[in-house]
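Protein chains in written order, with numbering that gives the first Met the number 0: chain G, 0 to 365; chain S, 0 to 168.
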Amino acid sequence: MALYSMGRRRVIALLVLTSILLVTLDQRGSAIIDRTRSVMSLVLEPFDAAARVISRPVVNAWKGITQYDELVRENERLQEQIDSQRGAEIVARAAILEYQELLTLNRLLGSSSYPTATAQVQGDSPSNFQYTVEIDKGSVDGIAVGMPVVNGGGLVGKITRVTPNSSIVLLIVDPDFSIGAKVLTQAERVTPAPLITASPTGGISLNPDSTTTSSTTTTVAVAPTESAPASTIDPVQGPLDPIDTGTTTTTIPSTDATVATTTTVAPVEIIRETGTLSGQGANLPLVLRFVNDSSSQGRVKVGSTVQTAGGTQSIAPAGLPIGEITAIRQQSGSRAQLVEVRSSAGDLSKLNFVRVILYVPNTSGG
Amino acid sequence: MGPLVRLFPVGLCVIAMQRTFLSEMKVFGVVLQIVLALAAAAGAGAGPERGAIGGFTLGLMYDLATGSPLGLTALVYALAGFVAGYVLTLTPTPQWWLASIFTAIGAAVGETAVPVARTLIGQDGWFTSRLFTIVPVVSGFALLLSPLFVPLGRWCMCVKRPKWKAIRE
Chain G
0 MALYSMGRRR VIALLVLTSI LLVTLDQRGS AIIDRTRSVM SLVLEPFDAA
50 ARVISRPVVN AWKGITQYDE LVRENERLQE QIDSQRGAEI VARAAILEYQ
100 ELLTLNRLLG SSSYPTATAQ VQGDSPSNFQ YTVEIDKGSV DGIAVGMPVV
150 NGGGLVGKIT RVTPNSSIVL LIVDPDFSIG AKVLTQAERV TPAPLITASP
200 TGGISLNPDS TTTSSTTTTV AVAPTESAPA STIDPVQGPL DPIDTGTTTT
250 TIPSTDATVA TTTTVAPVEI IRETGTLSGQ GANLPLVLRF VNDSSSQGRV
300 KVGSTVQTAG GTQSIAPAGL PIGEITAIRQ QSGSRAQLVE VRSSAGDLSK
350 LNFVRVILYV PNTSGG
Chain S
0 MGPLVRLFPV GLCVIAMQRT FLSEMKVFGV VLQIVLALAA AAGAGAGPER
50 GAIGGFTLGL MYDLATGSPL GLTALVYALA GFVAGYVLTL TPTPQWWLAS
100 IFTAIGAAVG ETAVPVARTL IGQDGWFTSR LFTIVPVVSG FALLLSPLFV
150 PLGRWCMCVK RPKWKAIRE
């Protein structure tokens with residue numbers, strides 16, 4: 000029997016062409032296909048329910064065998080984590096209250112201002128090439144395609160398919176997932192040292208908190224570190240950055256000078272960088288690509304917080320926590336930095352309950 | 000029409016199993032693919048043409064049920080059925096172990112073709128080293144199920160196993 004007979008070729012060609020046609024129709028969005036999917040979901044519902052009931056003991060036994068050690072280790076780790084976070088939680092709770100109060104005062108909508116629907120995860124992705132979960136709430140509960148899904152830790156994914164009683168959530172780790180994100184970095188800068196001004200007599204005077212030495216009539220600004228053995232003098236440079244010691248003119252041992260040290264820390268500067276966040280697959284960090292490659296140079300730091308950017312085109316309101324930056328790498332042959340983000344939502348393979356934010360972006364621009 | 004009548008209810012049961020407990024019972028973090036195993040087994044039991052048609056039908060049902068791009072899994076499973084059906088071009092009555100080996104090969108080809116097909120429609124990022132774990136596990140699962148699934152696939156595709164008859168003089 001020949002592998003490629005005429006009839007066989009025809010069958011193969013027909014199947015390939017049908018597939019291409021269906022993929023094209025589906026990608027462009029077809030109401031008929033959507034309806035067929037809904038019908039298929041309804042037909043499958045009793046089969047799914049029966050399979051769940053029958054297989055539950057087998058699944059439990061399987062998980063008991065394969066995941067027991069892991070569960071014990073995880074339990075210990077989580078206990079430790081809870082203990083260490085208890086203190087931080089109190090501080091955070093106070094901050095949230097203040098934040099909400101400020102939002103109310105300014106009549107702004109925070110991410111917590113939107114109604115939510117709590118749902119239970121029914122099943123994982125049936126494929127190895129798709130990171131999705133199925134939840135037990137659907138269009139009957141007000142859920143629509145595109146709505147963001149969160150858990151206690153942060154953004155989990157978005158709704159990609161809705162049936163009356165269930166929905167599919169595309170997880171944040173899926174390579175097809177993409178969302179606008181902003182990075183909040185605290186840039187703590189030490190204040191400019193006392194300003195130097197020229198006096199009418201031709202000398203140099205300073206504000207009273209600065210230090211002078213009579214022997215050299217040199218103005219000295221002392222680095223704010225108390226243990227510093229020497230101070231840096233630079234009469235030309237105005238604001239003196241104590242970290243920058245590149246332009247030293249005279250060094251006077253601090254013991255020789257009558258030093259009155261003043262250190263003032265400037266208010267915390269929040270740097271916002273906006274980019275697009277996407278997944279790379281399970282057990283791999285999320286990747287953030289900035290809108291403007293050059294703007295992020297040296298400003299974004301490891302440990303910075305990543306949140307949803309919001310906006311009229313975004314699927315999620317601004318301010319939903321996504322995670323924190325774990326690494327910043329320079330890509331070879333490009334100025335753009337590769338920023339890796341660890342999701343704050345935790346292990347997405349163990350999701351149980353999630354909340355769907357019933358958020359519809361205001362695309363009218365109003 | 001006959002094969003569709005048989006394949007549709009069997010496909011529904013198998014897809015329900017795939018969507019429920021098989022998506023939770025992972026081996027080395029890999030989701031076992033029972034629908035793919037059946038598509039490949041249908042090919043090994045019924046030949047390349049019927050295997051491709053059976054795989055295409057199962058894949059189409061899978062796409063409708065799971066929300067993956069319609070026609071993508073159908074194409075991939077048709078390929079799996081076609082490749083597994085190659086065994087019938089070697090011998091019209093393959094031994095069970097030979098059919099099992101070809102079922103496993105068909106499943107391996109099908110699972111490898113998924114990221115290829117996804118890349119073709121612009122969903123890249125699936126070619127990772129994890130593929131070296133996924134493909135052997137999925138293929139091994141198909142191999143294990145093949146003694147059961149090859150006769151089932153043959154029945155679904157309305158194919159009877161040919162029997163040798165003695166020629167009377």
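Even for Gly, the Cβ is constructed at its ideal location relative to N, Cα and C.
When Cβ pairs closer than 8 Å are counted between the two stretches, the segment 88-95 of chain S is seen not to touch the segment 109-118 of chain S, the count staying below three. The closest CA to that of GLU48 of chain S, considering only S:ILE133, S:ARG129 and S:VAL82, is found on S:VAL82. ASP135 of chain G counts as exposed, since fewer than 16 other C-beta atoms from the protein chains shown sit within 10 angstroms of its C-beta. Using a CB distance cut-off of 9 Å, ILE100 of chain S does not count as an interface residue toward chain G. Proximity to ILE53 of chain G across S:VAL136, S:PHE101, S:LEU130 and S:PHE20 peaks at S:PHE20, based on C-alpha coordinates. If you draw a straight line from the Cα of LYS62 of chain G to the Cα of ILE356 of chain G, it is about 31 Å long. At a cut-off of 9 Å between beta carbons, VAL30 of chain S contacts chain G. Cα atoms of VAL286 of chain G and ALA91 of chain G: separation of roughly 27 Å, rounded to the nearest angstrom. Taken through DSSP and simplified to helix, strand or coil, PRO320 of chain G comes out as strand. At least 9 Å separates the beta-carbon of VAL182 of chain G from that of SER343 of chain G. Within the segment 148-167 of chain G, THR159, ARG160 and ILE167 place their CB atoms closer than 7 Å to a CB of chain S, listed in sequence order.
Within the DSSP bridge table, the entry for ARG271 of chain G names G:LEU183 as partners. Here LYS157 of chain G is bridged, per DSSP, to G:PRO147 and G:LEU169. Judged by DSSP in its simplified three-state form, SER277 of chain G adopts strand.
Annotation: VAL149 of chain S has no Cβ neighbours in chain G at a cutoff of 7 Å; minimum Cβ distance is about 18 Å. Not a single CB atom of chain G sits nearer than 9 Å to the CB of MET156 of chain S. Not one beta carbon of chain G lies nearer than 9 Å to the beta carbon of ILE104 of chain S.
When the beta-carbon positions are compared, ILE133 of chain S and ALA64 of chain S stay at least 9 Å from each other. Straight-line measurement puts the Cα of SER177 of chain G at about 18 Å from the Cα of PRO68 of chain S. Three or more Cβ pairs closer than 8 Å define a contact, and the segment 30-40 of chain S falls short of that threshold against the segment 137-145 of chain G. With a cutoff of 9 Å on beta-carbon distance, GLY53 of chain S and ASP62 of chain S are scored as not near each other. Here DSSP, grouped into helix, strand and coil, assigns LEU357 of chain G to coil. Contact between ASN282 of chain G and GLN119 of chain G is absent: CB atoms are separated by about 24 Å, not below the 8 Å threshold. ARG9 of chain G counts as exposed, since fewer than 16 other beta carbons sit within 10 angstroms of its beta carbon.
Straight across, the Cα-Cα distance linking VAL4 of chain S with THR127 of chain S is about 39 Å. Within the DSSP bridge table, the entry for ASP346 of chain G names no partner. Counting only runs that start and end inside the segment 23-63 of chain S, the alpha helix (DSSP H) elements of at least 4 residues fall at 33-45. Within the model, the alpha-carbon separation for ILE11 of chain G versus SER18 of chain G is close to 11 Å. Closest by C-alpha distance to ALA180 of chain G, out of G:PRO320, G:GLN129 and G:ALA60, is G:PRO320.
Its chain contains GLY179, ALA180, LYS181, THR273 and ALA317 as the residues whose beta carbon lies nearer than 7 Å to that of ALA308 of chain G, once the 5 sequence neighbours on both sides are disregarded; these appear in chain order. The C-beta of PHE27 of chain S has fewer than 16 other C-beta atoms within 10 Å across all chains shown, which makes the residue exposed. In this structure, GLY42 of chain S places its C-beta atom within 9 Å of the C-beta atom of GLY80 of chain S.
Residue-level contact check: ASN127 of chain G touches chain S, since one or more beta carbons of chain S fall below 9 Å from its beta carbon. Listed along the chain, the chain S residues whose CB falls inside 8 Å of the CB of VAL10 of chain G are GLU48, ALA51 and ILE52.
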